[in-house]
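Asker: First the structure, then my questions, so here it is.
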Amino acid sequence: MLDFYKQKKQSILNTDAYLYLKESNAANSFFRFQKALEQIASEKDELDLAFSAMVEVNAIGSILLDSGTELSLKLLDRITTSDFVLCCGISESNWGGHLRRLSPISKDGDWSGIKSYVTNSPSSDGIGLVVRSDREYPVYYATWDNLKAISRIPFSEPFLPKVYHEKVEIQTNLPKKGELLLSDYKEIGKKVQKKEALSLISLLFGFSRSLGIPMETFASYQSLKKESEEIFKSIRFLEENPSLTDFSYPDLKPFLEDILRCTGSKSLIDLHPSFALFER
Numbered sequence: 046m047l048d049f050y051k052q053k054k055q056s057i058l059n060t061d062a063y064l065y066l067k068e069s070n071a072a073n074s075f076f077r078f079q080k081a082l083e084q085i086a087s088e089k090d091e092l093d094l095a096f097s098a099m100v101e102v103n104a105i106g107s108i109l110l111d112s113g114t115e116l117s118l119k120l121l122d123r124i125t126t127s128d129f130v131l132c133c134g135i136s137e138s139n140w141g142g143h144l145r146r147l148s149p150i151s152k153d154g155d156w157s158g159i160k161s162y163v164t165n166s167p168s169s170d171g172i173g174l175v176v177r178s179d180r181e182y183p184v185y186y187a188t189w190d191n192l193k194a195i196s197r198i199p200f201s202e203p204f205l206p207k208v209y210h211e212k213v214e215i216q217t218n219l220p221k222k223g224e225l226l227l228s229d230y231k232e233i234g235k236k237v238q239k240k241e242a243l244s245l246i247s248l249l250f251g252f253s254r255s256l257g258i259p260m261e262t263f264a265s266y267q268s269l270k271k272e273s274e275e276i277f278k279s280i281r282f283l284e285e286n287p288s289l290t291d292f293s294y295p296d297l298k299p300f301l302e303d304i305l306r307c308t309g310s311k312s313l314i315d316l317h318p319s320f321a322l323f324e325r
């Protein structure tokens, strides 16, 4: 089902999954968002849904929060109150995680390129496109009807088979077909990477619980839970320090090793293919 996320999104609108986008400055809103992701992922076969929500909130959601334009506020309202879905197009085939390698936009606004891995794209009503100008990395919003993409090729990964991505080829004039959301993605991009990495911890906890793993008995779980929740609650730290130069990710390895010992599996992938998400 290519539009899996759009079909399922309505079922989690009343949870705290989108609270962070509604109350980003409120105390513990990021923490409550993480707890909602964990709860969704703990339900049988719902890791894919939790992942899709995580990407929408952390990626395009962070851009809209930082934008502050009238359009971004309207879009935030739509994605937090309905099955309206937005995706974010950043990665290209040869970019290697470096924004400076993205396809450039001309001075006249013409842009031609292929976004190679756009999560939730088949479910989406519009897209935020990150491109390269002379010194900055602007983000343009456009609906698919306006963009009229040359091609959209859907695909999924074995470890999250319900989550669909697209490889999208576009040739258009972005100022004419879309609207500028953000003049420079560079600092926001650093923050998005950190948030998504942190959110994987919540997905891991929920998914492990869905498999019946008695993780509450692991000392590694208690340690990882305490460390991650302290970070989740430090929303001002996350927002005011986008580069997070003093930040170190919690170590998942002891927890993953305890899962192996507890289950007696040869590998996490043997236990369940979706563990590939957490071993990347």
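In short: position in the sequence shown from 1, add 45, done, that's our numbering. All C-beta atoms in this analysis are idealised placements derived from N, C-alpha and C, irrespective of residue type, glycine included.
1. With DSSP collapsed to three states, give me the class of GLY236.
2. Is LYS235 near the ligand GTP, judged by its Cβ being under 7 angstroms from some heavy atom?
3. With the cut-off set at 8 angstroms, would you say SER319 and LEU82 are in Cβ contact?
4. Tell me whether the region 160-174 and the region 209-218 touch, counting them as touching only if at least three CB pairs, one residue from each stretch, are closer than 8 angstroms.
5. I think ASP48 touches PRO167, with their Cβ atoms under 8 angstroms apart; what is that distance to the nearest whole Å?
6. Does DSSP put TYR230 in a helix, a strand or coil?
7. Would you mind reading off the limits of the alpha helix (DSSP H) that contains VAL102?
8. Please report the distance separating the alpha-carbon of SER76 from that of LYS239.
9. Under 8 angstroms Cβ to Cβ from PRO259, same chain only, skipping five residues before and after it: list those, please.
10. The beta strand (DSSP E) with LYS207 in it runs from where to where?
11. Below 8 angstroms on the Cβ atoms is my contact criterion, and I expect TYR63 with VAL102 to pass it. Report the Cβ-Cβ distance as a whole number of Å.
12. Closer than 6 angstroms by C-beta to SER288: which residues in its own chain qualify, once you throw out the five before and the five after it? Chain order, please.
13. Do THR125 and ILE85 have their C-beta atoms within less than 8 angstroms of each other?
14. Give the range of the beta strand (DSSP E) segment to which LEU301 is assigned.
15. Just how far apart, CA to CA, sit ARG123 and LEU116?
16. Under 8 angstroms by Cβ, that's how I've got TYR182 and ASP229 pegged, so tell me the actual separation to the nearest angstrom.
17. Please say whether LEU227 and ILE233 have beta carbons closer to each other than 8 angstroms?
18. Decide yes or no for the touch test of the region 191-206 against the region 136-156: beta carbon pairs closer than 8 angstroms, at least 3 of them.
19. Where do the N-terminal and C-terminal ends of the beta strand (DSSP E) with ALA187 fall, by residue?
20. Counting along the chain, where does the alpha helix (DSSP H) carrying PHE129 start and finish?
21. Identify the residues that DSSP records as bridge partners of LEU58: which are they?
22. According to DSSP, what are the bridge partners of GLU202?
23. Could you tell me whether the Cβ atoms of PRO299 and SER273 are closer together than 8 angstroms?
Answerer: Taking the geometry as given:
1. It should be noted that the sequence gives Lys, not Gly, for residue 236. LYS236: helix per DSSP, three-state reduction.
2. Inclusion of the ligand GTP in the displayed structure is not the case, the ligand content being empty and no account of it being possible.
3. no
4. yes
5. 6 angstroms
6. coil
7. No alpha helix (DSSP H) holds VAL102; DSSP gives it neither H nor E.
8. Correcting the residue identity first, residue 76 is Phe in this sequence and not Ser. Going from the Cα of PHE76 to the Cα of LYS239 covers about 14 angstroms.
9. CYS307
10. 205-218
11. 6 angstroms
12. Only weak support is given to the placement of SER288: the predicted model assigns it a pLDDT of 48, under 50, and the value that follows is read from those uncertain coordinates. The answer, listed in chain order, is LYS235.
13. no
14. Taken as a continuous stretch (DSSP letters only), LEU301 belongs to no beta strand (DSSP E), being part of the alpha helix (DSSP H) at 298-308.
15. 11 angstroms
16. 6 angstroms
17. yes
18. no
19. 184-188
20. Looking at the DSSP string, PHE129 is not in any alpha helix (DSSP H), and its letter there is neither H nor E.
21. Answer is none; LEU58 lacks a bridge partner.
22. LEU205
23. no
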